[in-house]
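The working numbering numbers the first residue of the sequence shown as 1064 and each following residue consecutively. Glycine included, every Cβ here is placed at the ideal spot set by N, Cα and C. If you're wondering where the values come from, they're calculated on a predicted model, not measured in any experiment.
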Amino acid sequence: MDSIKDKVAIIGMGCVKFGENWTQSLDDMIIDAAYEAYEQLLQALEENKGNLSTHEYARQQVELAVALAAIRALEVTLAVQAGQGYDLNAATGAYHTALNLVNTNANQLTGYQQVYALMVLNTIAEALNDSGGRINID
């Protein structure tokens, strides 16, 4: 079995505000922590942009876009389950942005990376459609 040494790095972490959080639901706290981790990841990518090859930079941009689409879809799904209002347009927009990045950068991604990103996006589209969205899944 291959070791994950030098293959995995934690470059973002989101935390919940310490103290009594009576004004936030558990779902809200999870989403806030996910956004915080996403922002740290985006900052790390921008700081290291000059050290990355075109291939690595394109791959990381796709991963970021897919991660944001997943966060937005989670946000909408949790809001629907809780009977709360949600921004389906923002979630659908994040989905389309990620899909366009996957298609635009197809030549910079390995076949596995493309398939994985498209599988995740397909799952996101299904979740958004279950929440009232209208995304065509080919």
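Whole-Å CB distance - residue i paired with residue j, under 8 Å assumed
i, j, result
"Leu1191", "Thr1155", "6 Å"
"Ser1194", "Val1143", "5 Å"
Alpha-carbon spacing of residue i relative to residue j, whole angstroms
i, j, result
"Gly1174", "Leu1108", "23 Å"
"Ala1100", "Asn1199", "30 Å"
"Asn1170", "Asn1152", "29 Å"
"Asp1091", "Ile1187", "19 Å"
"Leu1181", "Val1165", "8 Å"
"Thr1140", "Glu1189", "11 Å"
"Val1178", "Ala1121", "15 Å"
"Arg1135", "Leu1172", "24 Å"
"Leu1184", "Val1125", "11 Å"
"Gly1077", "Glu1110", "19 Å"
"Gln1147", "Asn1163", "29 Å"
"Gly1082", "Glu1138", "23 Å"
"Glu1119", "Thr1167", "14 Å"
"Leu1089", "Gln1176", "32 Å"
I'd like to know if the segment 1155-1167 and the segment 1105-1119 are in contact, where contact means that at least 3 CB-CB pairs between them fall below 8 Å. no
How do the segment 1111-1118 and the segment 1079-1097 stand: do at least 3 beta-carbon pairs fall below 8 Å, yes or no? These segments do not touch.
Could you tell me which uninterrupted alpha helix (DSSP H) segments, each at least 4 residues in length, are contained entirely in the segment 1077-1116, listed from first to last along the chain? 1089-1110
Please give me, in chain order, every unbroken run of the alpha helix (DSSP H) with length at least 4 that falls completely inside the segment 1145-1194. Counting whole runs of 4 or more residues, the segment 1145-1194 contains the alpha helix (DSSP H) stretches 1151-1167 and 1174-1193.
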